[in-house]
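Remarks on the structure that follows.
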């Protein structure tokens with residue numbers, strides 16, 4: 032695929048690709064603009080047409096046209112490659128080698144799903160009863176129905192199979208697209224259909240709601256896992272929400288797909304949903320490419336509380352700020368509140384609460400603090416929750432420790448001294464070799480230090496192996512940040528950055544070791560766990 036990347040780069044100038052998303056102005060040999068992610072007062076986003084790269088100094092992001100589209104659209108590399116290949120008129124199949132057959136097969140599945148979506152949309156327009164359900168009972172307007180491509184799957188049982196067969200699709204292709212049941216007939220029958228789309232808007236499956244009160248059938252039926260649809264990665268509504276998320280710099284995660292649709296119709300177009308309430312690290316990484324402000328609109332029941340707890344634990348690893356939409360004005364969920372008053376939903380999203388604060392309130396309601404048992408249980412749950420915060424965020428940790436100690440009527444010192452069994456935090460692994468770091472790419476400090484060493488030729492007292500960073504990006508950083516500094520100033524800059532990088536990677540090594548220890552213990556590998564614990568102790572002493 033490297034040849035394909037080079038062909039695309041040759042056909043699409045970096046300034047043309049980035050210019051589709053933001054305004055750029057000439058600044059000598061380079062182009063400058065305001066950061067699409069930051070709040071810079073002066074232009075901090077630089078593009079080098081000569082080198083075909085960009086760098087945003089306010090957010091410490093940089094790269095080529097592929098990384099830019101990934102950041103702006105929230106795409107994976109493959110998705111960005113396909114998007115830019117289409118724009119450049121480059122046929123990726125010519126470069127795919129052994130993957131040629133798989134790529135061709137996937138393309139057929141995309142075509143089958145797209146055609147199925149249009150067929151279901153057509154069937155909706157021809158069924159008065161289903162139209163009444165969609166437009167009157169579900170209160171969807173025409174724009175919403177078109178935006179989410181709502182349709183109807185006929186109840187005959189073979190309508191779709193016959194339709195696709197006449198257009199040259201095989202049973203194998205229909206099965207691989209997740210459109211058939213175990214008997215070889217239509218999977219979706221007599222249901223309102225809503226396509227599941229990837230972030231680029233391509234259909235990868237369906238969710239379908241039953242229209243009758245058949246107690247023997249599930250209310251919702253979803254596409255099974257296929258080579259296109261992965262439940263643990265898919266985010267419903269992201270293709271429709273991504274532009275609003277980039278503008279508003281936050282995302283609202285609701286519990287159900289219908290909540291997403293209702294929210295968009297009510298003017299909160301930042302709403303998306305994961306499968307059930309099971310948010311995964313893959314979901315967080317997808318959100319993190321667009322914003323670090325995630326607002327959870329979960330029910331306040333036990334499932335919602337557990338989902339929020341899992342999200343807090345994962346979010347701390349990615350530097351994501353979590354809050355919870357809390358005020359439903361007596362309604363059970365977002366959809367019901369929107370039906371009551373869309374403006375109330377808009378206000379609820381604006382005035383959400385920090386996730387930890389919300390969870391601590393839920394614990395206080397759950398446990399009777401007047402009893403010794405309830406007091407101890409609340410203390411334990413609260414301490415476990417606070418332990419999920421980043422160790423470096425001492426201010427935020429103390430804020431919640433003080434809040435809990437005041438609620439318990441004890442001193443801060445007594446709360447901190449209380450011994451409870453807290454599982455060791457999942458920490459990523461640090462390494463002297465920065466290229467082996469498991470962090471999400473090199474940090475700002477590492478990039479700046481590398482620019483001084485590789486471009487400015489500043490010598491360090493220690494041998495450092497840096498992560499893979501392009502020389503062009505480092506040149507851009509050095510020219511903007513350090514070129515005007517004297518040699519002595521550059522040495523001081525390098526010394527300060529080196530200290531910061533070492534601290535970051537010691538923390539990273541601890542995180543890696545803790546995760547490895549947890550895995551070894553879970554697998555019953557006592558020898559490996561002991562070896563890792565010894566390594567951890569050495570690191571702590573260091």
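Numbering (my numbering), first residue to last: 32 to 573.
Using N, Cα and C, we set each Cβ at its ideal position, and we do this for glycine too.
Treat the numbers as computed from the prediction; the structure is a model and nothing was measured.
Assigned secondary structure, residue 241 (DSSP; H/G/I helix, E/B strand, else coil): strand
Neighbourhood of residue 69 by C-beta distance below 8 Å, restricted to the same chain and skipping five residues each side: 75, 87, 89 and 90
Taking 7 Å as the limit between beta carbons, can you name the residues of its chain near residue 353, skipping five residues before and five after? 325, 327, 342, 343, 346 and 386
Cβ-Cβ distance between residue 226 and residue 237 below 8 Å: yes
Buried or exposed by the 16-neighbour rule on C-beta atoms within 10 Å, applied to residue 73: exposed
From the DSSP output, in three-state form, read off residue 257 for me. coil
Nearest-angstrom Cα separation, counted from residue 47 out to residue 96: 10 Å
Whole angstroms are fine: how far does the CA of residue 288 sit from the CA of residue 366? 10 Å
Neighbourhood of residue 521 by C-beta distance below 7 Å, restricted to the same chain and skipping five residues each side: 483, 487, 489 and 513
Determine the contact status of residue 137 and residue 124, defining contact as a CB-CB distance below 8 Å. no
Quick check on this structure: which residue in 242, 166, 187 and 143 has the alpha carbon closest to the alpha carbon of residue 209? 143
Starting from the Cα of residue 414, find the closest Cα among 276, 403 and 390 and give me that residue. 390
Can you give me the start and stop residues for the alpha helix (DSSP H) that residue 86 sits inside? No alpha helix (DSSP H) contains residue 86, which is instead part of the beta strand (DSSP E) from 84 to 87.
Residue 406 to residue 396 span [Cα, whole Å]: 12 Å
At which residues does the beta strand (DSSP E) containing residue 354 begin and terminate? 352 to 355
Given this structure, state the Cα-to-Cα distance separating residue 499 from residue 279, to the nearest angstrom. 32 Å
CA nearest to the CA of residue 215, picked from 221, 518 and 207: 207
Own chain, CB closer than 7 Å to residue 480, minus 5 neighbours either side, in chain order: 525, 528, 529 and 532
Rounded C-beta distance between residue 239 and residue 184? I'm assuming under 8 Å. 6 Å
Alpha helix (DSSP H) segment containing residue 425, residue limits: 425 to 439
In three-state terms, what does DSSP make of residue 405? helix
Give me, in chain order, the residues of the same chain whose beta-carbon lies closer than 8 Å to that of residue 51; leave out the 5 immediate sequence neighbours on both sides. none
I'd like the span of the beta strand (DSSP E) that includes residue 373, first residue to last. Here residue 373 belongs to no beta strand (DSSP E); instead the alpha helix (DSSP H) covers 373 to 381.
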